[in-house]
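Trainee:
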Amino acid sequence: MVSFPFCKINLGLRVLSRREDGYHNIETCFYPVPWCDVLEAIPSKRFSFDHTGLPIAGTGNLCVRAYDMLKEGYGLPPVKMHLHKIIPMGAGLGGGSADAAFTLKSLNALFSLGLPHDQLVEIAAGLGSDCPFFLHEKAMLGTGRGEVLAPANVSLAGRFLVIVKPDVHVPTKDAYKGVTPDASGKGLAGILMGSEKEWKDALVNDFEKGVFSQYPGVRKIKNTLYGAGAFYASMSGSGSAVYGLFDGPVRLRGKFKGMSYWSGTL
């Protein structure tokens, strides 16, 4: 069974408060983007996981963790999994979380487990705060740690998206150090329902200030996208990828040499 885990961008990301469990309450809109990894899972006599494409750091791959969770709860037989990694890591695009969520979906279908959507979402939340989003294929408002989801009244269909990922890795813990939680101001849902012309000033990512201060090159990408005509540009998640939204196609790869680059119509 072959699947194609997609990535996401964040339309706004507000850090509202610090929680007693050490996490933060946030408010964001996750928007799906068809920049995809490739994941294959087939029954096998023994478990194995391998990968090609972009190198994967560390040993605690989320695909393996997702398999282990289902195996522990539902007695899964061994599988052979292969991940071809295309979505850049350390980018704020959620690629690892997407791989984990699609592992759950694939194994549920492959072995006819019959787990309902809500149960898969609950399992996914144990793998990562944004994993549950990737069990949906539409824009979702995320609150809590990001795992509490509701449909978002926003569509970017027909808009042209450019994503640029510099050779910079921003650890999430470090990104939070540059944020002062603040729950005041207009709610994200109201901003998204308003005019897109207001997004540039009203739709903010609270991580940008600290990340831009530490990595000026990330700020430069955002400024370049606006200079090329984007009606909205922002860092995604805690970075370091930056995206720009345009009314029509643009060709900007030459402006971002040496960086990961994706563009396409949504």
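Residues 901 to 1166 (the working numbering) are what the sequence shown spells out, left to right. Ideal Cβ placement from N, Cα and C applies to all residues, glycine included.
Run through the DSSP bridge pairs and tell me what C963 is partnered with.
Mentor: Position 63 of the sequence shown, counted from the first residue, corresponds to residue 963. Beta-bridge pairing links C963 to no other residue.
Trainee: Kindly indicate the opening and closing residues of the alpha helix (DSSP H) around R946.
Mentor: On the sequence shown, residue 946 is found 46 positions in, with the first residue counted as 1. No alpha helix (DSSP H) holds R946; DSSP gives it neither H nor E.
Trainee: Any idea what DSSP makes of A1130, helix, strand or coil?
Mentor: Here the question's residue 1130 lines up with position 230 in the sequence shown. It is coil, neither helix nor strand.
Trainee: Just the C-alpha distance for E1104 and D1082, rounded to the nearest angstrom, thanks.
Mentor: Working through the sequence shown from its first residue, we reach residue 1104 at position 204. Working through the sequence shown from its first residue, we reach residue 1082 at position 182. Per the sequence shown, the amino acid found at residue 1104 is Val instead of Glu. C-alpha separation (whole angstroms): 12 Å.
Trainee: Looking only at its own chain, which residues have a Cβ that is under 6 Å from the Cβ of I1063, when we skip the five neighbours before and after it?
Mentor: Within the sequence shown, residue 1063 is the residue found at index 163, counting from 1. Here the set comprises A1141, Y1143, W1162.
Trainee: Closest to G995 by C-alpha separation, out of E927, L1015, W935, would be which residue?
Mentor: Start at 1 with the first residue of the sequence shown, and residue 995 comes out as number 95. The residue with the shortest Cα to Cα distance from G995 is W935.
Trainee: Is the Cβ-Cβ distance between A1024 and L1041 less than 9 Å?
Mentor: On the sequence shown, position 124 is the one that residue 1024 refers to. On the sequence shown, position 141 is the one that residue 1041 refers to. No, the Cβ-Cβ distance between A1024 and L1041 is not below 9 Å.
Trainee: Determine, using beta carbons only, whether L1027 and L962 come nearer to each other than 9 Å.
Mentor: Walking along the sequence shown from the start, residue 1027 turns up at place 127. Walking along the sequence shown from the start, residue 962 turns up at place 62. Yes, the Cβ-Cβ distance between L1027 and L962 is below 9 Å.
Trainee: If H1069 and G990 are in contact, beta carbons under 8 Å, what's the gap, nearest whole angstrom?
Mentor: Your numbering for residue 1069 matches position 169 in the sequence shown. Your numbering for residue 990 matches position 90 in the sequence shown. That pair is a contact at about 4 Å.
Trainee: Going by DSSP, which residues form a beta bridge with K971?
Mentor: The residue given as residue 971 occupies position 71 in the sequence shown. Answer is none; K971 lacks a bridge partner.
Trainee: Note the first and the last residue of the continuous alpha helix (DSSP H) segment covering V1070.
Mentor: Here residue 1070 refers to the residue found at position 170 when the sequence shown is read from its first residue. From DSSP, V1070 is part of no alpha helix (DSSP H); its letter is neither H nor E.
Trainee: Is the beta carbon of D1030 sitting closer than 9 Å to the one on F930?
Mentor: As a first step, residue 1030 is located in the sequence shown; it is residue number 130 there, counting from the start. As a first step, residue 930 is located in the sequence shown; it is residue number 30 there, counting from the start. Yes, these two residues count as a Cβ contact at 9 Å.
Trainee: For G1078, I'd like the list of residues in its chain whose CB is within less than 8 Å of its CB, leaving aside the five on either flank, ordered along the chain.
Mentor: Taking the sequence shown and counting its residues from 1, one reaches residue 1078 at position 178. F1107, K1109, G1110, V1111, S1113, Q1114, listed in sequence order.
Trainee: Whose C-beta lies closer than 6 Å to the C-beta of E1047 among residues of the same chain, with five residues either side of it excluded?
Mentor: Here the question's residue 1047 lines up with position 147 in the sequence shown. Counting only Cβ-Cβ distances below 6 Å, and skipping sequence neighbours, we find A1025, S1029, P1032.
Trainee: Is DSSP giving G1042 helix, strand or coil here?
Mentor: To locate residue 1042, count along the sequence shown from 1; it is residue 142. When secondary structure is reduced to three states using DSSP, G1042 falls in the strand class.
Trainee: One question on the structure: do H982 and T952 come within less than 9 Å of each other, judged by their Cβ atoms?
Mentor: Here residue 982 refers to the residue found at position 82 of the sequence shown. Here residue 952 refers to the residue found at position 52 of the sequence shown. Yes, these two residues count as a Cβ contact at 9 Å.
Trainee: So, with DSSP's three-state summary, where would you put R1119?
Mentor: For the purposes of this step, residue 1119 is taken as the residue at position 219 of the sequence shown. Helix.
Trainee: Tell me, which residues are paired with E1096 by DSSP?
Mentor: Stepping through the sequence shown from its first residue, residue 1096 is reached at position 196. For E1096, which the question treats as bridged, DSSP gives no partner whatsoever.
Trainee: Taking the alpha helix (DSSP H) that E1047 falls in, what are its first and last residues?
Mentor: Within the sequence shown, residue 1047 is the residue found at index 147, counting from 1. Looking at the DSSP string, E1047 is not in any alpha helix (DSSP H), and its letter there is neither H nor E.
Trainee: Just list the residues that DSSP pairs P932 with in beta bridges.
Mentor: Numbered from its first residue, the sequence shown carries residue 932 at position 32. P932 is bridged to K908.
Trainee: Please look up how many angstroms separate the CB atoms of G1129 and V1150, rounded, as I've assumed it's under 8 Å.
Mentor: Position 229 of the sequence shown, counting from 1, holds the residue named residue 1129. Position 250 of the sequence shown, counting from 1, holds the residue named residue 1150. Going by Cβ atoms, the distance from G1129 to V1150 rounds to 7 Å, so yes, they are a contact pair.
Trainee: Relative to the alpha-carbon of L1049, which residue among D1018, F1060, K1073 has its alpha-carbon at the smallest distance?
Mentor: For the purposes of this step, residue 1049 is identified with residue 149 of the sequence shown, where counting begins at 1. Considering only alpha carbons, the answer is D1018.
Trainee: With burial defined as no fewer than 16 other Cβ atoms inside 10 Å of the residue's Cβ, what is the status of D937: buried or exposed?
Mentor: Working through the sequence shown from its first residue, we reach residue 937 at position 37. Label assigned to D937: buried.
Trainee: Quick one: what does DSSP say I1063 is sitting in, helix, strand or coil?
Mentor: Translated into positions along the sequence shown, residue 1063 becomes position 163. Of the three classes helix, strand and coil, the one that applies to I1063 here is strand, per DSSP.
Trainee: Applying the criterion that 16 or more other CB atoms from any shown protein chain within 10 Å of the CB defines a buried residue, is P1116 buried or exposed?
Mentor: The residue labelled residue 1116 in the question sits at position 216 within the sequence shown. Looking at its Cβ environment, which holds fewer than 16 other Cβ atoms inside 10 Å, P1116 is exposed.
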